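Residue 500 is where the sequence shown starts when you use the numbering used here, and the numbers rise one by one after that.
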Amino acid sequence: MLTAATIPLFALLAYAIYSSAATSVALAKSTARNLAKITASDTDRIIRTNREALARIALRPMIRTAALGHCDDFLNDFHAVFPVFANATVIDPTGLAVCSAVAQPGGKPVNVAKAAWFQRAQASQDFVVGRPFLGPITGRWVSVLISPIRGERGDISGYLGFPIDLAAYRPSVSQADLGEYVTVGILDDQSTLIWRNIDPENWVGKNLAHMSASRRMMAGEREFTETGVDGIERVYFVESLTEADWHVFVGMPKHTLYQGAIRSGLINAGIGIVVLVLVLALAARIGHRISSPMRKLAQVAAGIKHGDVALRATLAGPRELVEVAREFNAMIEVREDQRRRMSEREEALRQSNAELERFAYVASHDLQTPLRNIASYSQLLERRYKGRLDQDADQFIDFIVDGAKHMSRLINDLLSYSRITSQGRPLVPVSAHQAAALALADLQLVIAEAGGQVELAPLPEVLADEPQLVSLFQNLIGNAIKYRAAGRPPVVRISVGDHSASHWIFMVADNGIGIESQYFGKIFELFQRLSPSGDVDGTGIGLALCQRLVTRFGGTIGVDSIPGQGSTFWFTLLKVGDPR
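Below is the structure:
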């Protein structure tokens, strides 16, 4: 019987080793494939954000008249704040660069009428991402983001040309996380290399059309094995962008892909053989002593498995088996107690979720639908009867429209406030620096329009939910810009200190209007606004949302302020590794 049992055990061990190796390979491929998707998505987001920014910049009056030689200093400011752009230019309809943040060669405007990217922009009359080329003004490898400038009647009066400095472009890919010889890069549809994580200075701008791997990417293959430019055979994973004719590739060395599987298989084989030998030896020694009582114990276990939870093992037989039976019974008791508690918690959770769902339905449907009707009919009254009634009637209609819109925003903010706990993700180690950087990226246009400056010190990892942490920084930085003092540009400083053994303390300081001390507590309550007069847009929920987020993260939040000089909002967050 022992020999008969050995054969399937060895077969099971072999299958486990094979399965472990296959899982290791699949995991490595999935990691590389996800890296390609994330890099493509991140690059798409950057292009999309810049496209929207250029569209807003093109609306500036000085930009619209730049073709007449009236250059806007905003171009110089933008170029100084965002060094990833090699230049910031305004080009007239003939292709002449009439305005440039970087001095033009010989002091004369460069004409780009024959440039392929300019001709594409003229043909499409829309936003264009140009193919990489050596810029005549900057002397650097660039890819121009070009957007039309339209006049009041919608006619094109010129173009904004913002060339991305490909040497300065840095996707959010860490070489330390990739492993040795793993390549990540971006090609355009002509096989020109836009970026490469390994030795980018010597590769940006090179055309790789002669490489077999490049040809297969252009043919639409998404996973294949080829030899790279350095002679290393790699498995390539490819993702295409939606915002430009670019392709992201991740190349993982073939030996790296399989060495983890081989190592895992050898370790599992060694452990499995040792365990198998020990189990067989132990079974041979004690099998004759416990086979009969163990069958009874197995029968009890089978009965419990099929729902007879009242069954318990008999405390009879050898001493070792009695101990096993006693522990088995204790385990069943604990399991039943846990099952009861779990059932109670599930019921409480179901009730809570049901209440939240009812609230969300009421807020989004039963409240918003009549509000939309009020707003729609009020706007209809405004369009049809404004100027036909007396001045008071016009003013009353405006009050109704504004009130309905404000109430709709309040309801949406309340939904966000209620979902912090119900839809929050588990707290995990998160880079506070990256969260603050993401918040700044979303607010970059608001900061630029306010002429503001944000100083971001290095921030540590904390236990948090990253999207919610980004929302926390967005609210605090946005308030600092919103409540700026008249007559001076806003300056925001984000820093961190060691609060205690378990918590960091983060500070968001500004030079704004400040807050009277009697309002320090009230501003974190729902609907309590820093500017109740209405001269600053808002619903009065932002700081209450911040307090709820920080509380969920296991911290506290507060404010110190000197009226007229500025405020410092501080909050504490758990350090990574804290047992709580």
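Note that the Cβ used here is the ideal one computed from N, Cα and C, for glycine as well.
Nothing here was measured: the structure is a model prediction, and the numbers come from that model.
Here's the rule I'm using: 16 or more other beta-carbon atoms within 10 Å means buried, otherwise exposed. How should residue i be labelled?
i     : result
E948  : exposed
H1002 : buried
H754  : exposed
L1072 : buried
P1031 : The predicted model places P1031 with a pLDDT of 48, which falls under 50 and marks its position as unreliable, so this point remains unresolved.
E738  : buried
Q1046 : buried
D891  : exposed
Y1101 : Only positions 500 to 1079 of the chain appear in the structure, and residue 1101 is not among them; the question remains open.
L942  : buried
A1000 : exposed
L975  : buried
P925  : exposed
F898  : exposed
P989  : buried
P662  : buried
S1066 : buried
D687  : buried
Specify, as a first and last residue, the run of the alpha helix (DSSP H) that residue i falls within.
i    : result
W702 : Careful: W702 lies outside any alpha helix (DSSP H) and carries neither H nor E.
E732 : Here E732 belongs to no alpha helix (DSSP H); instead the beta strand (DSSP E) covers 732-739.
H578 : 573-580
D625 : Unbroken run through D625: none, as it is neither H nor E.
D941 : 931-948
Spatial neighbours of residue i within its chain, please: C-beta separation below 7 angstroms, excluding the five flanking residues on both sides.
i     : result
I731  : Y680, P752
A712  : E725, G727, Y735
P608  : L595, A596, V597
A935  : L955, L958, F972, I993
I946  : V953, I980
S690  : N706, L707, A708, S713, M717
Q1017 : none
W640  : P631, L633, L665, A666, V703, G704
With a Cβ-Cβ cutoff of 8 angstroms, do residue i and residue j count as a contact?
i     : j     : result
L574  : A587  : yes
I645  : G629  : yes
L740  : A539  : yes
A963  : G1011 : no
P670  : Y658  : no
A743  : I896  : no
S930  : A956  : no
I1022 : L1044 : no
V583  : A667  : yes
I636  : V601  : yes
L756  : A527  : yes
T522  : W745  : no
V961  : V1058 : no
F617  : I655  : no
A535  : F748  : yes
V1007 : G951  : no
S642  : I697  : no
V900  : A874  : yes
L944  : A525  : no
Ignore the nearest five residues each way along the sequence and tell me which others in residue i's own chain have a CB closer than 6 angstroms to its CB.
i     : result
A675  : Only weak support is given to the placement of A675: the predicted model assigns it a pLDDT of 46, under 50, and the value that follows is read from those uncertain coordinates. For A675, where only same-chain residues beyond five positions count, there are no Cβ hits under 6 angstroms.
F1070 : F1005, V1049, G1054, I1056
L937  : V969
F626  : R550, S646
R840  : none
I1061 : G1013
For chain D, is any of its Cβ atoms less than 8 angstroms away from the one on residue i?
i    : result
P592 : Absence of chain D from the displayed structure is noted, only one protein chain being present.
Here's a check: name, in chain order, each residue in its chain whose Cβ is nearer than 8 angstroms to the Cβ of residue i, leaving out the five neighbours to either side.
i     : result
G1063 : A984, I1012, G1013
List the endpoints of the continuous beta strand (DSSP E) containing residue i.
i     : result
E965  : Element bounds for E965: not the beta strand (DSSP E) but the alpha helix (DSSP H), 965-981.
R695  : 692-695
M751  : 745-752
Q689  : First-last for Q689: undefined, no H or E at that position.
V1058 : 1056-1061
Within the stretch 635-682, note down every full beta strand (DSSP E) run reaching 3 residues or more, in order along the chain.
640-649, 655-664
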